[in-house]
Structures are given as C-alpha cells and as structure tokens.
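Participant:
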Amino acid sequence: QLIQAIEAIKAKLAAMEEQLKKPDEYKHFPSKGDKYYFYTSSGSIHSNESSSEDLKVNVYKTEEEADKAYNKEVAIEKIKRRLLELQGDWKPDWKDQDVTKVFINYYHHSCVFEPEALYFAQSFKDFPYMKNKEIANTIIDEMEDELKLLFDIT
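To convert, note that position 13 of the sequence shown is 152 in this note's numbering; the numbers rise steadily by one, no gaps.
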C-alpha cells in the first residue's frame with residue numbers, strides 16, 4: 140500500500156509539474172470568484188470579481204496585462220487610421236490572385252521590419268493588410284514604436 144501511495148503521489152507531482160511548465164500566455168478566463176482586470180475604451184483599467192463561470196473575453200490576470208493589451212489596441216487603431224489616409228478604404232480581394240496584399244513582418248535575425256507580399260495566402264491577424272510595399276514602408280518608417288509594441292519587441 141505504501142508503494143501504491145508513493146506512486147500516486149509521484150503521478151500527482153508529475154501532473155502538477157506539467158501544469159507549471161505550461162506557457163502563461165494563454166488568455167485568462169476567470170472562474171466564479173476570480174479577480175480579473177479589463178480596460179475601457181477611455182483607457183482606464185478596472186478590476187472585477189467574476190460572478191459566474193461564463194466565458195469572458197478581453198479580461199486579464201493582472202493590471203499590467205490589461206494596460207499592455209489596451210496600448211496594443213491603441214497602436215493598431217493608430218496604424219489603421221494612418222492606413223486610411225494612405226490607401227483609403229482599400230480591402231484585400233483574396234479571390235484576385237494577381238493583386239498583391241502586403242503585411243509587415245519582423246525579422247529577428249536582422250532586427251528589422253520588412254513588408255511581405257502575398258497573393259493568395261491569408262493569415263489570421265488583427266493587423267491590416269496594405270495595398271503595396273510603399274505604403275507598408277511608410278508605416279514602418281512612421282510608426283516604429285507602435286510596431287515594436289505590437290510585435291513585443293523591446
């Protein structure tokens with residue numbers, strides 16, 4: 140029995156160790172009674188205690204996470220507004236494979252932002268596509284701080 144108890148404890152410790160190794164980047168969906176943080180459209184950070192097990196979005200474990208998420212949303216909005224000035228209300232047409240759609244990548248080996256042209260491969264991103272590389276380079280030149288924030292570049 141003692142050996143079985145030791146084996147059970149070992150298994151439980153191994154499971155706990157696996158849980159600790161999981162990345163802490165997963166979005167926090169609080170359970171009933173958990174404290175969570177969120178931001179408002181004006182940028183203020185608030186906290187609340189969850190009153191149910193219902194799924195909640197745009198909530199964060201810490202005030203710092205909520206503040207970082209708000210700042211990223213502001214950066215995306217600034218870029219979208221600048222893109223509206225540069226390319227109007229242009230939207231990518233994924234059915235037309237002859238028309239270039241451009242997005243911005245960050246290359247860690249050279250520490251630079253670069254425009255990347257796509258024709259028929261679409262990725263799921265909050266970041267908008269651009270009409271051409273010239274517009275992308277304008278965003279890179281004018282909005283480097285916002286891009287660094289979005290790409291988590293320090």
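Quick reminder that beta carbons are idealized off the backbone N, C-alpha and C, glycines included.
Rounded to whole angstroms, what's the CA-CA distance from Ile279 to Ala147? Just pull it up for me.
Facilitator: When rounded, the distance between both Cα atoms is 55 Å.
Participant: Please specify which runs of the alpha helix (DSSP H), each continuous and at least 4 residues long, are wholly inside the segment 251-284, giving them in chain order.
Facilitator: Runs found: 272-281.
Participant: When you compare only the Cα positions, how much space is there between Asn276 and Glu224?
Facilitator: Straight-line Cα distance between these residues: approximately 14 Å.
Participant: Is the segment 198-209 in contact with the segment 166-185, if contact means three or more CB pairs nearer than 8 Å?
Facilitator: Verdict: yes, contact present.
Participant: Could you tell me whether the Cβ atoms of Tyr175 and Lys195 are closer together than 8 Å?
Facilitator: Their beta carbons are under 8 Å apart, which means Tyr175 touches Lys195 by this criterion.
Participant: Just how far apart, CA to CA, sit Asn265 and Lys240?
Facilitator: The amino acid occupying residue 265 in the given sequence is Asp; Asn does not appear at that position. Approximately 15 Å, taken between the alpha carbons.
Participant: Using the C-alpha atoms, what's the distance from Ile218 back to Leu152?
Facilitator: Each residue's Cα considered, the two are about 47 Å apart.
Participant: Just how far apart, CA to CA, sit Thr293 and Glu202?
Facilitator: Roughly 20 Å separates the two Cα atoms.
Participant: Does DSSP put Ile184 in a helix, a strand or coil?
Facilitator: If DSSP states are grouped into helix, strand and coil, Ile184 belongs with the strands.
Participant: Starting from Asn197, follow the alpha helix (DSSP H) in both directions and report where the run begins and ends.
Facilitator: Element bounds for Asn197: n/a, residue is neither H nor E.
Participant: Would you call Ala205 buried or exposed, if buried means 16 or more other Cβ atoms sit within 10 Å of its Cβ?
Facilitator: Classification for Ala205: buried.
Participant: Looking at the strands, I want to know which residues DSSP matches up with Asn210.
Facilitator: Paired residue(s): none; Asn210 is not in a bridge.
Participant: Which whole-angstrom value is the C-beta distance of Phe252 and Leu289, which I expect to be below 8 Å?
Facilitator: 10 Å between Cβ atoms; not a contact.
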